[in-house]
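Visitor: Numbering (the working numbering), first residue to last: 615 to 1018. Handing you this structure, nothing more for now.
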Ligand code: AMP
């Protein structure tokens, strides 16, 4: 049995989960987050079960202070000594072309992760703050990095190359990388368990960020995010796919800087841009039902973009066995799922209305006679990271092969 701490470090937050891993079995001993790091009003929280949540308001100037407080909170119950933590798994953003699987962190991994992190438009370094903090606070503990892009390293050139001068790829590493890989891999593995075969899956991770992935035989074949997580589906505040000339045109004609356009496309677009300020689908659904025309149009644009991806990836895969919905919107919005399934009726998809309203568990939401299965699978990136970290504590485990 091993205790694995999983950290997901953002620019102002650290989310964590402490797992007890034992072979194929696992238990969550505690989870929570440090919030508003470096901003006033910061706090640390911990839940050991559904009913109990500890919150401590404390000034957190940086990630080291935040993780120190997280460890202190864990010491108040789930562990008696930090020595009990066998390893720490970190969620990382960009692994570039360096990492097609999770790796034990050493200086070489850190150098490559820093270089790859620079490819991200926002907060590329935030993922590294957690590693720096653990290195300082728990210098002896084994640390593992799990990259959002690794799962997509199986894409072939035809899927990852952009049609721009080749030297942009060869010299400057500009290509499609894809993200949310840990989530897509997790739900594809869960779908394979549910159905009893790996097959051809289209995984729709629809949350604040959103991406769609074509998966065959457990491997990513194509994915909607690209060089950065700005590409592809419409997201909470990110634009997704747009004509590449649009940013240049805005800069030229509206006298805006690259940073200003970046902020517009990353933080003021997507659902937010289309609805003049709403980013949470719960609010947008409410506005939709009240007849707010912007909300109605935004939902139509979103569903249209999603079925375009599903259609394209069916062509790429040569068919589809199952469409998987996951993440905040995918798991919770029966409203969006119903609209998507209605548009895909021509495929012989038959929605089971009752199952579509179930929450919180992996569910098949189509009828037994539906030609394509539609599954809702709650994602669990933290568990995937804990499993990879646990596997790397034992020798000779090749993680990419684990999925095949
Ligand atoms: P995530 O990034 O996966 O945490 O997803 C967050 C997003 O999921 C929120 O911004 C909402 O748009 C959406 N969401 C969460 N809960 C619900 C719900 N009950 N109904 C509709 N959308 C939801």
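We treat Cβ as the ideally placed atom computed from N, Cα and C, and that holds for glycine.
Rounded to a whole number of angstroms, what is the C-alpha to C-alpha distance between residue 926 and residue 982?
Guide: If you take the alpha carbons of residue 926 and residue 982, they lie about 25 Å apart.
Visitor: If we count the other Cβ atoms within 10 Å of its Cβ and call it buried at 16 or more, is residue 994 buried or exposed?
Guide: Counting Cβ neighbours within 10 Å, residue 994 comes out buried, since at least 16 surround it.
Visitor: Please classify residue 1015 as buried or exposed, where buried requires at least 16 neighbouring CB atoms within 10 angstroms.
Guide: For residue 1015, the pLDDT reaches just 39, beneath the cut-off of 50, and the residue's location in the model is therefore unreliable, although a value from the coordinates is still provided. Looking at its Cβ environment, which holds fewer than 16 other Cβ atoms inside 10 Å, residue 1015 is exposed.
Visitor: What did DSSP end up calling residue 907 once you bin it into helix, strand or coil?
Guide: In the structure shown, residue 907 sits in a helix (DSSP, three-state: H, G or I).
Visitor: Within the present structure, is the beta-carbon of residue 654 separated from the nearest heavy atom of the ligand AMP by less than 6 Å?
Guide: Checking every heavy atom of the ligand AMP against the Cβ of residue 654, none is found closer than 6 Å.
Visitor: Please report the distance separating the alpha-carbon of residue 866 from that of residue 878.
Guide: Answer to the nearest angstrom: the Cα atoms are 15 Å apart.
Visitor: Can we count residue 822 as close to the ligand AMP, meaning its CB is less than 6 Å from some heavy atom?
Guide: True, at least one ligand heavy atom lies under 6 Å from that Cβ.
Visitor: With a CB to CB cut of under 7 Å and the five nearest residues on each side skipped, what residues in its chain are close to residue 954?
Guide: Cβ neighbours of residue 954 beyond the five flanking positions: 917, 920, 921.
Visitor: Residue range of the alpha helix (DSSP H) that residue 970 falls in?
Guide: Looking at the DSSP string, the run of the alpha helix (DSSP H) that includes residue 970 is 967-970.
Visitor: Considering only residues of the stretch 936-984, which uninterrupted alpha helix (DSSP H) runs meet the minimum length of 4 residues and lie entirely inside it, listed in chain order?
Guide: Taking only runs of at least 4 residues, the alpha helix (DSSP H) segments lying wholly in the stretch 936-984 are 941-946, 948-957, 967-970.
Visitor: By DSSP, does residue 622 sit in helix, in strand, or in coil?
Guide: Note: residue 622 maps to strand in three-state DSSP.
Visitor: Assign residue 794 to one of two classes, buried (16 or more other C-beta atoms within 10 Å of its C-beta) or exposed (fewer than that).
Guide: Buried, because 16 or more other Cβ atoms sit within 10 Å of the Cβ of residue 794.
Visitor: Is it buried or exposed, residue 975, if we count other Cβ atoms within 10 angstroms and call 16 or more buried?
Guide: Label assigned to residue 975: exposed.
Visitor: How long is the line joining the alpha carbons of residue 629 and residue 835, rounded to whole angstroms?
Guide: Approximately 30 Å between the Cα atoms of the pair.
Visitor: Looking at residue 677 and residue 743, is the spacing between their C-beta atoms short of 7 Å?
Guide: Yes, the Cβ-Cβ distance between residue 743 and residue 677 is below 7 Å.
Visitor: Rounded to whole angstroms, what is the Cα-Cα separation between residue 652 and residue 978?
Guide: Taking the straight line from one Cα to the other gives about 43 Å.
Visitor: With DSSP run on the structure shown, which of helix, strand or coil describes residue 663?
Guide: Strand, per DSSP.
Visitor: Among 657, 980, 810, which residue has its Cα nearest to the Cα of residue 952?
Guide: Closest option to residue 952, Cα to Cα, is 980.
Visitor: For the stretch 643-650 against the stretch 617-634, are there 3 or more C-beta pairs whose distance is under 8 Å?
Guide: Yes: the two stretches touch, three or more of their Cβ pairs being nearer than 8 Å.
Visitor: Tell me, which residues are paired with residue 836 by DSSP?
Guide: DSSP lists 828 as partners of residue 836.
Visitor: Helix, strand or coil: how does DSSP classify residue 819 here?
Guide: It is a strand residue.
Visitor: Between 850, 868, 859, which lies nearest to residue 890 when the distance is taken from Cα to Cα?
Guide: The option with the nearest alpha carbon to residue 890 is 850.
Visitor: Does DSSP put residue 882 in a helix, in a strand, or in coil?
Guide: The answer is coil: DSSP assigns residue 882 none of H, G, I, E or B.
Visitor: Checking 7 Å against the spacing of the C-beta atoms, do residue 816 and residue 934 come in under that value?
Guide: In contact: residue 816 and residue 934 (Cβ atoms closer than 7 Å).
Visitor: Measuring only the C-alpha atoms, how far is residue 637 from residue 615?
Guide: Going by the C-alpha atoms only, they are around 8 Å apart.
Visitor: What does DSSP give as the partner residue(s) for residue 718 in the beta ladder?
Guide: In the DSSP output, where bridge partners are listed per residue, residue 718 has 758.
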